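Asks: Chains as they are written, first to last, in the numbering used here: chain A, 1 to 245; chain B, 1001 to 1477.
Sharing a structure below in structure tokens format, with a few things to ask.
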Amino acid sequence: MRSDLEAIKTIDVRRHYKMGTNVISAVDGVSLTIRDGEFAALLGTSGSGKSTLMNLIAGLDRPSSGSILVHGRDLAQMTSEELAKYRRHTVGMVFQSFNLVPTMNLAENVELPMRFAEVDRAERNDRVQDALKRVRLSARLTHRPSELSGGEQQRAALARALVNRPKLLLADEPTGNLDSKTGEEIMNLIQELNSTLGTTVVMVTHERALAERYATRMIFLGDGKVLDAGEQLTTATVNIAGGVQ
Amino acid sequence: MKAYDLVELAGRNLREAVLRNSLTTIGIAVGVASLVAMLSLGVGLQQVFGKRLGRSGLFDTVIVASKQDFRTEDDRRNRPNMQSGEIKSLDDTARQTFEKISGVAEVYPEIRLTAELRFAVDGKAERPHFAAITALPTSANNSEAFEDLQGKFFSGPKAEEAIVLGEFARELLEMPEDTRQSDKQKLSNEDANRLIGKELTLRYAERATNNESAIAPSDSNKAKAADEAGANFDFSVVRREKKLKIVGVVNTEPYGGMRSVSRGRVFIPTGLAESMNFMQPSDLRTLMRASKGKTYMTLIVRANKPTQIPVIQETIKKMGFSTYSMQDASKTLRYVFIFLDMFLAIFGSLALAVASLGIMNTLVMAILERRREIGIMKALGASDIDVKKLFFVEAGAMGVLGGVLGTSLGWTIGRVINFGTNIWLQRQDIPTENFWYVPWWLVVGAMVFSVFVSLGSGLYPASRAAKLDPVQALRHD
Ligand SMILES: Nc1ncnc2c1ncn2[C@@H]1O[C@H](COP(=O)(O)OP(=O)(O)OP(=O)(O)O)[C@@H](O)[C@H]1O
Ligand SMILES: [Mg+2]
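Structure below.
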């Protein structure tokens, strides 16, 4: 399901953190293009800036400089209200620690993004059912996150990320807290979404094996810079040797 | 976010964290309760003291006299340029002017005279007694002295009735001399009943205006009319008799102007006294000065509230009259009233500060606890405004609930303190008082206050929650 349309294009994105007098460059001049429908894996050592880059693409954080174009619109130029709108309609996020609201049952957790997106109440129930069916959790509608296994929680989080039908699915180490078998289950689901719905997927992972198996492209980060942009090399990384780990 | 989602989310958040939210609500309630309790005690104390002092009649009256009253012959000789024209006469025009001053409840003349009173005890022969008679306005009914009145107060301002002092009652009943002075002790009801309803004959001198004829007209009203017109200031003195019905016995003399040498032992309504045209010392002066019409020796101006006295007194002073009030005697007394007013303000604002800080604290703590939840909501597309509104609605809901709880709690605290104080007062043999008083404005005010303070205090935490960086909030632990 790959097309030549640019889903995400980052141009010399930097994100600095000031710690007293020294400046930490978590993301240091990243220029990347991810096409519509791609399943990109973001790899790198701990502290290489993977999560920081993800949060920038998710519109949860703003770059110190550079532009992040998503479907042609620059996130860096958006107001916080516009960014919120972008997050609720364009992005679905999955985290390593699931981040379900512990006081809400699964149905309520999945409904939550639709409240922010002001989806018609009449429509919500069907969409909750659909999303949970897709991740095979229809039977656990009224269960709270604490009553579920890690894999089930991550599936519920996936359902929640998809309920607003986003164009982008951003997953930050979705299998990081799961054993390899459950991790595979999640990966299969993500791959299924990528291929059936055409959702562009950007996934951060530590496990190169998983990335090789599921992703259509692997991007290596090191020290906030792109070490290897996969098959789609950009001018910024063309001269850098891609030896990682 | 739509309104119903907002309310629903706020509602479930409140329900979900029952412990935290009820603690927050209790925090608000305690703040509001302390406000209500302090204010109700403040209002209560102010009412009790204001009423007590007000009822003593000492602090809510100004005594007005014409300036010449205090001028001696020496003065007159020493300051010959002082014209009598400069001296305002204390007449009905002046009286009406005083009545119009704002804050003035009533103006009445001080009428005192000594007269012969005849009384027949238990059907025996009438015997004469001499006593000072003081006129009392109907408002005197509220004065402290009448708290233990036996019998009734005057039925009207012109009723031909009399109230006698306990000591004089004993004289009328021809009780032994040595028991008479024990006026602290109330007359037994039996003894009081031997007087109440009985007739007392008052013999007095009437100031009757001469209308060409040398003989006084018998109709005192006609005389008064002529008097007021200023047509004639020539009068004669006529001896008259008036039958008065004894309606009550009082044990302490009510305050009513400057204390004369002789105590008033019989009291009659001011209206009646005025219509009877007693011969007054000022009449003689009027005669000598040849001023127009009837003048008063002193007028008593009563204010609605003791705090209004200084202004009223100043106004009258500026008109050119001599004034005197108890508040002159002691400046500190005025501070007592000012302090009572300040008492409310000081304790009210203290409680207010405590309540707002409590609310602010609990809500800020709640945000620290809910950082992750806020981060999740933002990641799922909640805008800053959505988060702000959500916290704001929650704060408002807790404010309303805390307000209702706090008001009733404060009310209860006030009651308990009141109850305790009264037990203590009873032990000290002091009559019990309601030190605690919750007026409706306090109830409404406390509710409105707690909602506003909760919203106001929620404002800061809400904007902090809204500004929370989702990346920081979601950073895994
Ligand atoms: N808020 C912050 N303040 C200061 N430094 C930060 C902040 N957030 C991230 N960093 C630094 O930026 C760098 C990149 O962090 P990031 O979380 O993106 O790494 P990562 O690749 O996701 O690592 P991991 O694989 O462990 O999750 C790190 O050196 C980190 O210490
Ligand atoms: Mg990370």
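Backbone N, C-alpha and C define an ideal beta-carbon position, used for all residues, glycine too.
Owing to the predicted nature of the structure, the values given are computational and were not obtained by experimental measurement.
Determine which residues share a DSSP beta bridge with B/Q1150 and list them.
Replies: Along the second sequence, one-based indexing puts residue 1150 of chain B at 150. In the DSSP output, where bridge partners are listed per residue, B/Q1150 has B/V1249.
Asks: Considering only the beta carbon of each residue, do B/I1309 and B/F1059 sit closer than 8 Å?
Replies: Numbered from its first residue, the second sequence carries residue 1309 of chain B at position 309. Numbered from its first residue, the second sequence carries residue 1059 of chain B at position 59. Against a cut-off of 8 Å, the Cβ pair of B/F1059 and B/I1309 comes out as a contact.
Asks: If you measure from the beta carbon of B/M1342 to each beta carbon in chain A, is any gap under 8 Å?
Replies: Counting from 1 along the second sequence, the entry for residue 1342 of chain B is found at position 342. No, because no Cβ of chain A sits closer than 8 Å to the Cβ of B/M1342.
Asks: If we ignore side chains and look at the alpha-carbon of each, how far apart do B/D1107 and B/L1401 end up?
Replies: For this step, residue 1107 of chain B is matched to residue 107 along the second sequence. For this step, residue 1401 of chain B is matched to residue 401 along the second sequence. Residue identity check: residue 1107 of chain B is Val in the sequence provided, not Asp. Distance between the alpha carbons of B/V1107 and B/L1401: 50 Å.
Asks: With a threshold of 8 Å between beta carbons, is B/A1382 in contact with chain A?
Replies: Sequence index remark: in the second sequence, residue 1382 of chain B carries index 382 (1-based). Closer than 8 Å: yes.
Asks: Any beta carbon from chain A within less than 8 Å of B/V1479's own beta carbon?
Replies: Summary: the structure shown does not reach residue 1479 of chain B, with chain B confined to residues 1001 through 1477, and so no result is reported for it.
Asks: Could you confirm whether any beta carbon from chain B is found closer than 8 Å to the beta carbon of A/V30?
Replies: Against the first sequence, residue 30 of chain A aligns to sequence position 30. Chain B contact via Cβ: absent.
Asks: Can you list, in chain order, every residue whose CB sits closer than 5 Å to a heavy atom of ligand 1?
Replies: A/Y17, A/I24, A/A26, A/S46, A/G47, A/S48, A/G49, A/K50, A/S51 and A/T52
Asks: Count the other CB atoms within 10 Å of the CB of B/P1431; is the residue buried (16 or more) or exposed (fewer)?
Replies: One-based indexing of the second sequence puts residue 1431 of chain B at position 431. B/P1431 should be labelled exposed.
Asks: Report whether the distance from the Cβ of A/D172 to the nearest heavy atom of ligand 2 is below 7 Å.
Replies: Counting from one through the first sequence, the residue named residue 172 of chain A turns up at place 172. It does: the Cβ of A/D172 is within 7 Å (strictly closer) of some heavy atom of ligand 2.
Asks: With respect to 7 Å, is the separation between the Cβ of A/V30 and the closest non-hydrogen atom of ligand 2 below this value?
Replies: Against the first sequence, residue 30 of chain A aligns to sequence position 30. Result no, Cβ not under 7 Å from ligand 2.
Asks: Note down the Cα distance separating B/R1415 from B/G1031, rounded to an integer number of angstroms.
Replies: Residue numbering aside, residue 1415 of chain B sits at position 415 when the second sequence is read from its first letter. Residue numbering aside, residue 1031 of chain B sits at position 31 when the second sequence is read from its first letter. Going by the C-alpha atoms only, they are around 17 Å apart.
Asks: Counting beta carbon pairs with one atom in the segment 1241-1256 of chain B and one in the segment 1120-1128 of chain B, are three or more of them shorter than 8 Å?
Replies: no
Asks: With a threshold of 7 Å (Cβ to nearest heavy atom), would B/V1387 be considered close to ligand 2?
Replies: Within the second sequence, residue 1387 of chain B is the residue found at index 387, counting from 1. Flag unset: Cβ of B/V1387 not near ligand 2.
Asks: Between the beta-carbon of A/A84 and the beta-carbon of B/A1382, is there less than 8 Å?
Replies: Sequence index remark: in the first sequence, residue 84 of chain A carries index 84 (1-based). Sequence index remark: in the second sequence, residue 1382 of chain B carries index 382 (1-based). For A/A84 and B/A1382, yes; Cβs fall inside 8 Å.
Asks: What residues of chain B sit near A/T103, judged by a beta carbon separation below 7 Å?
Replies: The count along the first sequence starts at 1 and reaches residue 103 of chain A at position 103. Result: E1016.
Asks: Are the CB atoms of A/L148 and A/L193 within a distance shorter than 8 Å?
Replies: The count along the first sequence starts at 1 and reaches residue 193 of chain A at position 193. The count along the first sequence starts at 1 and reaches residue 148 of chain A at position 148. For the 8 Å CB-CB criterion, A/L193 and A/L148 do not form a contact.
Asks: Would you decide whether A/I68 is buried or exposed? Buried here means 16 or more other CB atoms lie within 10 Å of its CB.
Replies: If you number the first sequence from 1, residue 68 of chain A lands on position 68. That one is buried.
Asks: At the 8 Å Cβ level, is B/A1465 part of the contact set with chain A, yes or no?
Replies: What you label residue 1465 of chain B is simply residue 465 of the second sequence in a count that begins at 1. No, because no Cβ of chain A sits closer than 8 Å to the Cβ of B/A1465.
Asks: Expressed to the nearest angstrom, what Euclidean distance is found between the alpha-carbon atoms of A/R213 and A/Y86?
Replies: Indexing the first sequence from 1 puts residue 213 of chain A at position 213. Indexing the first sequence from 1 puts residue 86 of chain A at position 86. So the alpha carbons of these two residues sit roughly 30 Å apart.
Asks: What does DSSP give as the partner residues of A/I11 in its beta bridges?
Replies: For the purposes of this step, residue 11 of chain A is taken as residue 11 along the first sequence, with counting starting at 1. Paired residue(s): A/S67.
Asks: Taking a Cβ distance cut-off of 8 Å, strictly less, list which residues of the segment 54-86 of chain A are near chain B, in chain order.
Replies: Result list: N55, A58, L60, D61, S80, E81, A84 and K85.
Asks: On the premise that B/A1169 lies in contact with B/L1187, defined as a C-beta separation below 8 Å, what is that separation, rounded to the nearest angstrom?
Replies: Numbered from 1 along the second sequence, position 187 holds the residue referred to as residue 1187 of chain B. Numbered from 1 along the second sequence, position 169 holds the residue referred to as residue 1169 of chain B. So it is a contact: roughly 6 Å between Cβ atoms.
Asks: Is A/V204 close to ligand 2? I mean its beta-carbon at under 7 Å from any heavy atom of the ligand.
Replies: Your numbering for residue 204 of chain A matches position 204 in the first sequence. For ligand 2, at least one heavy atom lies less than 7 Å from the Cβ of A/V204.
Asks: Are the CB atoms of B/A1037 and B/G1320 nearer to each other than 8 Å?
Replies: Here residue 1037 of chain B refers to the residue found at position 37 when the second sequence is read from its first residue. Here residue 1320 of chain B refers to the residue found at position 320 when the second sequence is read from its first residue. Taking 8 Å as the Cβ cut-off, B/A1037 and B/G1320 do not qualify as a contacting pair.
Asks: Quick check on the DSSP output: the beta strand (DSSP E) that includes A/D130 runs from which residue to which?
Replies: As a first step, residue 130 of chain A must be located in the first sequence, where it is residue number 130. A/D130 -> not in any beta strand (DSSP E); alpha helix (DSSP H) instead, spanning R121 to R134.
Asks: Assuming B/A1395 and B/L1363 form a contact by the criterion Cβ under 8 Å, report the distance between their Cβ atoms to the nearest whole angstrom.
Replies: As a working note, residue 1395 of chain B is residue 395 in the second sequence. As a working note, residue 1363 of chain B is residue 363 in the second sequence. With 8 Å as the limit, B/A1395 and B/L1363 qualify as a contact, their Cβ atoms being about 6 Å apart.
Asks: Is A/A139 near ligand 4, going by C-beta to nearest heavy atom under 7 Å?
Replies: Inclusion of ligand 4 in the displayed structure is not the case, the ligand content consisting of ligand 1 and ligand 2 alone.
Asks: Distance, Cα to Cα, A/P166 vs A/G92?
Replies: The residue you call residue 166 of chain A lines up with position 166 of the first sequence. The residue you call residue 92 of chain A lines up with position 92 of the first sequence. Between A/P166 and A/G92, the C-alpha separation is close to 6 Å.
Asks: Could you pull the start and end residues of the alpha helix (DSSP H) that B/P949 belongs to?
Replies: In the structure as shown, chain B starts at 1001 and stops at 1477, and residue 949 of chain B therefore has no counterpart that could be examined.
Asks: With respect to the alpha helix (DSSP H) encompassing B/V1400, which residues constitute its N-terminal and C-terminal limits?
Replies: Mapped onto the second sequence, residue 1400 of chain B falls at position 400. It spans D1384 to R1427 - the alpha helix (DSSP H) in which B/V1400 sits, taken as one unbroken run.
Asks: Quick check on B/K1378 - is its C-beta less than 8 Å from some C-beta in chain A?
Replies: Sequence index remark: in the second sequence, residue 1378 of chain B carries index 378 (1-based). By this cut-off, B/K1378 is an interface position.
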